[in-house]
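Quick note, the sequence shown lines up with residues 1 to 351 if you use our numbering. All C-beta atoms in this analysis are idealised placements derived from N, C-alpha and C, irrespective of residue type, glycine included. Keep in mind the model is a prediction, meaning the values are calculated, not measured. Working notes, structure below.
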Amino acid sequence: MRILPQLSRALRRTLVAVLTGHAVFLSLASTGHTTEGLLNQLLAPGPLIKGHMDLESDCLKCHDMGKGVPNSKCEDCHKEIAASVKAKTGFHGIQTKSCASCHVDHKGRAFDTMAIDREKFDHFAMTGYRLEGKHATVDCEKCHTDRRDEKSILPGSVRWIGQKSTCVSCHKKDDVHYFKKEWAAKDCNFCHGQKSWKTEVKFDHDTQTHYKLEGKHAETSCAACHLPDKSRPKASVYKWPHLKARQCLECHENVHKGRMKAQFTGPKCLTCHTMQGWKISDFPHERVTGYRITGAHAKLNCVDCHKQSETASKTSTKYYVWKGLQSTCSSCHGDPHRGHLSSKFQGRCET
């Protein structure tokens, strides 16, 4: 039975002052350090935890006379925590509570003073890191994988501190990009969300690459343009950099095979084609060729006038002969008058 709680308050204060002021401490009742010391039995509300049992003969190691347990006393021993508090980083660096308010003691040798109530623990308020998406449903140990070594008081138990808030600190093994330089410095959440790596992609192609995805490009998967680099160990390593963004022929086959003039190649493909599809839908005929398409001509297909050559048709139906046509009517229609009209009307059918 404990003696001190039965004494009057004044007598207890006197006894504590005498014992602590003159450093008269009694040794532990057992040499094995497993039994609570006699001094602790007299003065304390209960045995210290296993990690602190050597302090039962030195109350002032933790307590300050009449002032409770100041944080500075805890930090004198727990220097790793002290460094975090001083730098205001990590879990302990953002806390405003006293150490003793969370890490209570005098609960017995087997008590785990670092245990947390998982149901009530507010991860965002206590750590500054909000659990969202998949993180909200993951077991704590899935992220907090660091364990105490065999020499510790609680070997194999989880070390809750020291976890970084970057994606790569946990998902390094999931990295399929192998980015370099400026992209290697970006965290995964720059492009990916926390609900799904594959579907919740928030990468802004326009602002990040200066190439806006329009038409069919906006509907195309990333891999369709950024083809997997098969020289890498994983097939999902895409060729993100060095793609000539405004060069259509970087991705699209040149079906004209050099038959087009230089001003229509490369990024000039959009002179005739659109990003809604490669089929010509609104070719500015007058602006590009100088010949205006009106009347019945406007209803014709391109190949009705631009006939395919025999050589081209053997290779592909796409190799049209676009050049070589004259802008006179007789170049396509011939002369139905068979030369009977005056020479001043020759080539001027619209007269």
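Length of the line joining the Cα atoms of residue i and residue j
i: Lys142; j: Gln247; result: 45 Å
i: Leu325; j: Lys216; result: 33 Å
i: Ser331; j: His306; result: 11 Å
i: Phe111; j: Cys170; result: 30 Å
i: Leu42; j: Cys99; result: 24 Å
i: Met53; j: Ala83; result: 24 Å
i: Thr113; j: His103; result: 5 Å
i: Lys86; j: Lys181; result: 33 Å
i: Asp335; j: Cys349; result: 9 Å
i: Ile280; j: His273; result: 5 Å
i: Thr328; j: Lys268; result: 28 Å
i: Gly339; j: Pro284; result: 34 Å
i: Thr294; j: Ser196; result: 54 Å
i: Met126; j: Thr209; result: 38 Å
i: His333; j: Leu300; result: 14 Å
i: His177; j: Trp183; result: 10 Å
i: Phe345; j: Leu249; result: 46 Å
i: Glu56; j: Glu36; result: 8 Å
i: Asp175; j: Gly133; result: 19 Å
i: Ile116; j: Leu60; result: 27 Å
i: Asn71; j: Cys191; result: 41 Å
i: Pro352; j: Lys73; result: Residue numbering for the chain in the displayed model covers 1 to 351; residue 352 lies beyond these limits and cannot be assessed.
i: Lys67; j: Lys172; result: 47 Å
i: Leu38; j: Lys79; result: 30 Å
i: Asp146; j: Thr271; result: 60 Å
i: His252; j: Ala296; result: 33 Å
i: Thr137; j: Tyr211; result: 37 Å
i: Thr220; j: Glu286; result: 33 Å
i: Ser101; j: Phe179; result: 45 Å
i: Asn254; j: Val303; result: 19 Å
i: Ser27; j: Met65; result: With a pLDDT of 38 at Ser27, under the threshold of 50, the predicted position of this residue should be treated as unreliable, and no value is reported.
i: Asn40; j: Asp58; result: 9 Å
i: Leu341; j: Tyr291; result: 25 Å
i: Gly352; j: Asp122; result: Here the chain has residues from 1 to 351 only, and residue 352 is not among them.
i: Cys140; j: Ser165; result: 14 Å
i: Asp105; j: Glu150; result: 23 Å
i: Lys88; j: Arg159; result: 19 Å
i: Glu200; j: Ala218; result: 16 Å
In DSSP terms, what residue i is bridged to
i: Val158; result: Arg147
i: Asp64; result: Gly68
i: His192; result: Val201
i: Thr274; result: Gly277
Simplified DSSP state of residue i, which is helix, strand or coil
i: Thr199; result: coil
i: Thr89; result: coil
i: His177; result: coil
i: Gly51; result: helix
i: Thr127; result: helix
i: Gly295; result: helix
i: Thr207; result: helix
i: Ser342; result: coil
i: Lys97; result: coil
i: Gln41; result: helix
i: Val255; result: coil
i: Leu249; result: helix
i: Val138; result: coil
i: Ala184; result: helix
i: Ser169; result: helix
i: Lys107; result: coil
i: Thr31; result: Residue placement at Thr31 cannot be trusted, given a pLDDT of 38 that sits under 50; what the coordinates show is reported in the next sentence. Note: Thr31 maps to coil in three-state DSSP.
i: Ala381; result: Look at the range of the chain in this structure, 1 to 351, and you will see that residue 381 is not part of it.
i: His285; result: helix
i: Ser221; result: coil
i: Glu350; result: coil
i: Glu75; result: helix
Test item: CB-CB of residue i and residue j under 8 Å
i: Arg109; j: Pro47; result: yes
i: Gly193; j: Lys186; result: no
i: Arg130; j: Phe124; result: yes
i: His205; j: Leu213; result: yes
i: Val69; j: Cys62; result: yes
i: Asn189; j: Cys167; result: yes
i: Gln377; j: His135; result: Absent from the structure is residue 377, since the part of the chain shown begins at 1 and ends at 351.
i: Ile161; j: Phe91; result: yes
i: Gly128; j: Ile94; result: yes
i: Ile49; j: Lys97; result: no
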